[in-house]
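Using the numbering used here, the first residue of the sequence shown is number 191, and each one after it goes up by one.
A virtual CB, placed ideally from N, CA and C, is assigned to each residue, including glycine.
These numbers were taken from a predicted model, which means no experiment stands behind them.
Worksheet: the structure to be examined is printed underneath.
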Amino acid sequence: MQLQQVSALQFAPVKAPAVPKLVVWEAFDPDDPMTKAAGELYEETLPADERIPWAWIERSIRERVKSKPRTNGWHKHLLLAAPENRQDDPGALAGYVYGAFLPGYGGYLCYVGVAESARRLGVGRRLFDHFFKVLKVDAGELGEPLPFVIWESHRPEPDAPDAEWEVWAARKRLFDRVGGAWIDGVNFLSPNFSDDPDAAPVPLQLFLKPVDTPETAFTAERLREVVGGLHQRVYRNAPGTALYDGTLPPGCEPRLRPVE
């Protein structure tokens, strides 16, 4: 009898711990400890050659609070995520996303990061989805459509360690889950933000989520306009500059294809 009781205990199902509810909100105070924690996570998870100074993002928060964005300006947002009831605990920050709605162009997701302790809990997807909703509101306030949201990601070099390729695979799975498509046929040459003035441009892959414009409308010609617009509106690179022409050389025929 006692042996049967022990056996029952050994094989009793173990209930998995509940995943805490995640809260996503917009940062409006660059001096808030949660915003500072996002800056630390930003610098921990992104190489120096791919990131702008965090002070620029803090400045965009101050500008957003002081004045309403102009119709021809960027509508910038920094969104933060943390477990419910821990939104004031910097150690509990689960992730962030930063980007903007560009009137007359579309949505641009600049950076996204998830804390190591919050990986595989759906944080990245929640941040993407919430960001898409915020941009829809921006577009609606201006009476514009939100044709798409575009973002970049750095693919590892062929000889990169397996760990980097595993991270890349995880990113692609996330991009697929949020409805993104890969802009195939384009290596986007981004400025190098490291302190080395002679550093080479950073080649990035582009991903696009169609929103108010159907995917079938993104022909090669339309995609060239989207990619060229990213250079012009975000990086201030016009046709004839090395980065613009290197991204869109003659004969470039980009197409959307599934991420996976």
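Checklist entry - Helix, strand or coil for residue 408 per DSSP? => result coil
Checklist entry - Would the C-beta of residue 343 count as close to the ligand HEM, meaning under 7 Å from any of its heavy atoms? => result Absence of the ligand HEM is noted for the structure shown, with no ligands found whatsoever.
Item to check | residue 291 burial status per 10 Å Cβ neighbour count (16 or more: buried) | outcome: buried
Item to check | Own chain residues within Cβ distance below 8 Å of residue 443, not counting five before or after | outcome: 375 and 410
Item to check | Every unbroken beta strand (DSSP E) within the segment 385-433, with a cutoff of 3 residues, ordered by chain | outcome: 392-400
Checklist entry - Going by DSSP, which residues form a beta bridge with residue 231? => result DSSP lists no partner for residue 231.
Item to check | residue 274 (DSSP reduced to helix, strand or coil) | outcome: Note: residue 274 maps to coil in three-state DSSP.
Checklist entry - So, do the segment 432-442 and the segment 379-393 have three or more beta carbon pairs nearer to each other than 8 Å? => result They touch, by the three-pair rule.
Checklist entry - In angstroms, rounded to a whole number, what distance separates the CA positions of residue 388 and residue 246? => result Distance from the CA of residue 388 to the CA of residue 246, rounded to the nearest whole angstrom, comes to 22 Å.
Checklist entry - Do the segment 328-335 and the segment 302-315 make contact, defined as three or more Cβ pairs closer than 8 Å? => result no
Checklist entry - To which residues of the same chain is residue 196 closer than 6 Å at the C-beta, ignoring the five residues directly before and after it? => result With a pLDDT of 37 at residue 196, under the threshold of 50, the modelled position of that residue is not reliable, and no figure is offered here.
Item to check | Bridge-paired residues (DSSP) for residue 343 | outcome: Secondary-structure assignment with DSSP links residue 343 through a beta bridge to 395.
Checklist entry - Can you give the Cα-Cα distance for residue 419 and residue 274, rounded to whole angstroms? => result 39 Å
Checklist entry - Is the Cβ-Cβ distance between residue 360 and residue 397 less than 8 Å? => result In this structure, the beta-carbon distance from residue 360 to residue 397 does not fall below 8 Å.
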